[in-house]
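First up is the structure itself, then whatever we jot down about it.
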Amino acid sequence: MFQGYRGTASDGIEQKRVEDPLKETETLFEAVLDNAPANLAIRDHEGHYEDVNKTYERIYEITNKEIRGKQTYDLSTKEHADIIMSMERRVMEPGKPLVEEQPAAPIGDRRER
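Numbered according to our numbering, the sequence shown spans residues 1210 to 1322.
As structure tokens, this is what we get:
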């Protein structure tokens, strides 16, 4: 014997209306990120890499998949990592935009993967 129903139902039209522009924005962001001439990395507040662009992969000879979840000290010498982390701390200061160029570490200046 049917005793009732508990839950929600939707026809999916509203969800699709919201998801489509979101997907388009995500696709555009990925295209800009991957085609930027600068090496770009996105990290969480604890310093773990979440995403890097194609330029970053090419310069540092590491794939996005290989770098995801790692931290700077896992990938660089202490000296180079200290420089990067100093910049990171300044970036995280509220209300202070930071634009700074930093040369990529030479290939021999990185730890073995």
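Just so you know, even glycine gets a beta-carbon here, dropped at the ideal spot from N, CA and C.
Compute the distance between the beta-carbons of residue 1254 and residue 1280, then report whether it is under 8 Å. Looking up residue 1254 in the sequence shown gives position 45. Looking up residue 1280 in the sequence shown gives position 71. Going by C-beta atoms, residue 1254 is not nearer than 8 Å to residue 1280.
beta-carbon residue 1238 near the ligand ADP non-hydrogen atom, thresh 7 Å: Of ligands this structure carries none, so the ligand ADP is not represented either.
Have a look at the DSSP bridge pairing and note the partners of residue 1261. The count along the sequence shown starts at 1 and reaches residue 1261 at position 52. 1250, per the DSSP bridge assignment.
Ordered list of alpha helix (DSSP H) runs contained in the segment 1268-1293, each at least 4 residues: The segment 1268-1293 contains these whole alpha helix (DSSP H) runs: 1273-1276, 1281-1284.
Tell me where the alpha helix (DSSP H) around residue 1302 begins and ends. As a working note, residue 1302 is residue 93 in the sequence shown. Per DSSP, residue 1302 lies in no alpha helix (DSSP H) segment and is marked neither H nor E.
Hey, how far is the Cα of residue 1247 from the Cα of residue 1226? The residue labelled residue 1247 in the question sits at position 38 within the sequence shown. The residue labelled residue 1226 in the question sits at position 17 within the sequence shown. Going by the C-alpha atoms only, they are around 34 Å apart.
By how many angstroms is the C-alpha of residue 1288 removed from the C-alpha of residue 1277? Residue numbering aside, residue 1277 sits at position 68 when the sequence shown is read from its first letter. Residue numbering aside, residue 1288 sits at position 79 when the sequence shown is read from its first letter. So the two alpha carbons sit approximately 22 Å from each other.
Relative to the C-alpha of residue 1265, which residue among 1274, 1292, 1282, 1250 is closest? Residue mapping note: residue 1265 aligns to position 56 of the sequence shown, counting from 1. Cα-wise, what sits closest to residue 1265 is 1250.
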